[in-house]
Amino acid sequence: QGGDARAAERRFTALLKRAPEFYPAHAGLGYTALSRRDYDEALAHFDRALQRSASYAPALAGRGQTYLAMNRRDEALASFDAALAADPGLTAIRSAAEVLRFQGLQGGVAGARKAAEAGRLDEARTAYAQAIAASPDSPFLHRELAVVEQRAGQLPQALEHIQKAIELDANDPRNFVVQADVLEAMGEWDKAAAALTSAAALEPSDAITE
2 QGGDARAAER
12 RFTALLKRAP
22 EFYPAHAGLG
32 YTALSRRDYD
42 EALAHFDRAL
52 QRSASYAPAL
62 AGRGQTYLAM
72 NRRDEALASF
82 DAALAADPGL
92 TAIRSAAEVL
102 RFQGLQGGVA
112 GARKAAEAGR
122 LDEARTAYAQ
132 AIAASPDSPF
142 LHRELAVVEQ
152 RAGQLPQALE
162 HIQKAIELDA
172 NDPRNFVVQA
182 DVLEAMGEWD
192 KAAAALTSAA
202 ALEPSDAITE
């Protein structure tokens, strides 16, 4: 952490000579190799640590960081997810995993939006469903699919998706506005008005009030 990777490497190596079974030292050597951009050696050390303890979070996180440096994004994400399963408190790793997941979704979401704009609703529905399968806890994906389902006349499905979006994020007024649109299309006037009231409570606007 102090930037003296060579000294760290010497000390981790000395630890392993004294205690070859001490797998955290392999993780430490993985990080020193990563700092030197020797990615193959870093992976070898992280793998040795994980052979001793498959759920050792520092080694899983380090392996993910190494894969990310090598631009092997899918493997990086898998390692980050395993690290978070072992230690949910790794907030920096969680953020990195979310970024990777979002970047992977961007291409699919962009295609889904283009298909929806062009009126190719079946294609848009399929693309959004695939994105949701990859990231089921993304409220904006459920909201956008709800809009597509409403345009396709599939109102029960639209209502199901927008309710899921609200369940995932009850602080986004856009979710309640879409819910109101779907309920209005279903003839549920009182429920639609209640949804708009929820939206206005979160973000008052003349348009919602009207």
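Quick note, this note's numbering runs 1 ahead of the 1-based positions in the sequence shown.
Just so it is clear, CB atoms sit at the ideal spot from N, CA and C, and this is done for glycine as well.
In this structure, the CA atom of alanine 113 is about 6 Å from the CA atom of tyrosine 129. The Cβ atoms of alanine 77 and alanine 62 do not sit closer than 7 Å to each other. In the three-state scheme derived from DSSP, where H, G and I count as helix and E and B as strand, asparagine 172 is classed as coil.
The residues Tyr40, in chain order, have a CB closer than 7 Å to that of methionine 71 in the same chain once the five nearest residues on each side in sequence are set aside.
According to the DSSP assignment, glycine 65 belongs to the alpha helix (DSSP H) that extends over 58-70.
Shown here, glycine 112 sits in a helix according to DSSP, grouped into three states.
Taking C-beta atoms as the reference points, glycine 31 and phenylalanine 47 count as a pair closer than 7 Å.
Note on the stretch 124-195: whole alpha helix (DSSP H) runs with a minimum of 4 residues are 140-152, 156-169, 174-186, in chain order.
Sixteen is the threshold: when 16 or more other Cβ atoms of the shown chains lie within 10 Å of the Cβ of proline 140, as they do, the residue is buried. In the three-state DSSP reduction, glutamine 107 falls in the helix class (H, G or I). In the three-state DSSP reduction, glutamate 211 falls in the coil class, being neither helix nor strand. Burial check for lysine 18: the Cβ neighbour count within 10 Å stays below 16, so the residue is exposed. Here alanine 171 is actually not in contact with leucine 184; their C-beta atoms are around 16 Å apart, not less than 8 Å.
Taking C-beta separations shorter than 6 Å and ignoring five residues to either side along the sequence, the partners of valine 110 in its chain run Ala132, following chain order. Membership of phenylalanine 47 in the alpha helix (DSSP H) is indicated by the continuous run 40-53.
CA-to-CA, the gap between alanine 202 and glycine 3 works out to about 49 Å. By the Cβ test, the stretch 19-26 is not in contact with the stretch 4-11, since fewer than three Cβ pairs between them sit closer than 8 Å. Per DSSP, arginine 19 is one residue of the alpha helix (DSSP H) stretching across 6-19. Taken atom to atom, the span from the alpha-carbon of glutamate 204 to that of aspartate 82 is near 35 Å. Just so you know, the alpha carbons of arginine 37 and arginine 64 end up roughly 14 Å apart.
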